[in-house]
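Have a look at the structure below, then the notes.
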Amino acid sequence: MDDRIGHSIHWGPVTTHHVRDRQVFRPHLSVRAWVIITAVLLVLTVLLGLLVGSDGSVPALFGLVIAALCLLRSPYRWRQWNEAVARNKARAKRAAEDEHDRELYRAWLRKQAKTDQ
Numbered sequence: 001m002d003d004r005i006g007h008s009i010h011w012g013p014v015t016t017h018h019v020r021d022r023q024v025f026r027p028h029l030s031v032r033a034w035v036i037i038t039a040v041l042l043v044l045t046v047l048l049g050l051l052v053g054s055d056g057s058v059p060a061l062f063g064l065v066i067a068a069l070c071l072l073r074s075p076y077r078w079r080q081w082n083e084a085v086a087r088n089k090a091r092a093k094r095a096a097e098d099e100h101d102r103e104l105y106r107a108w109l110r111k112q113a114k115t116d117q
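To convert, note that position 65 of the sequence shown is 65 in the UniProt record's numbering; the numbers rise steadily by one, no gaps.
Below, the structure is given as structure tokens:
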């Protein structure tokens with residue numbers, strides 16, 4: 001069954017959740033920042049493990065794991081963001097080229113109307 005619904009004014013999906021799912025947001029931190037955060041948390045985990053024991057290093061270990069997961073995901077998010085920016089630039093360029101072609105066509109039509117008279 002099709003998820004599109006016909007209407008006299010609008011053809012489109014019934015809900016907009018798929019639009020929100022495909023929306024790309026700019027990542028807050030760069031890959032380099034996540035590398036630095038992960039390295040600092042690794043050093044902190046080792047130091048707390050040596051100085052305090054497992055009582056202090058367990059929370060730092062959890063932070064290290066979370067930072068490492070963010071580090072692994074960060075290049076993908078930046079690639080997704082850069083592809084979305086490139087898509088938008090290409091779409092704007094195509095629109096400008098189409099508008100230029102339309103203007104040339106309108107000029108040609110005006111020229112044809114003048115020569116027919």
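Here a beta-carbon is modelled for each residue, glycine too, at the ideal position from N, C-alpha and C.
For residue 28, the three-state secondary structure derived from DSSP is coil. Exclusion of the five residues before and after residue 64 leaves 41, 42 and 45 as the residues of its chain whose Cβ lies within less than 6 Å of its Cβ. Under the 10 Å beta carbon count, residue 34 is surrounded by 16 or more other beta carbons and is classified as buried.
Within the segment 25-108, the complete alpha helix (DSSP H) segments of 4 residues or longer fall at 31-51, listed in chain order. Rounded to the nearest whole angstrom, the C-alpha separation of residue 28 and residue 98 is 35 Å.
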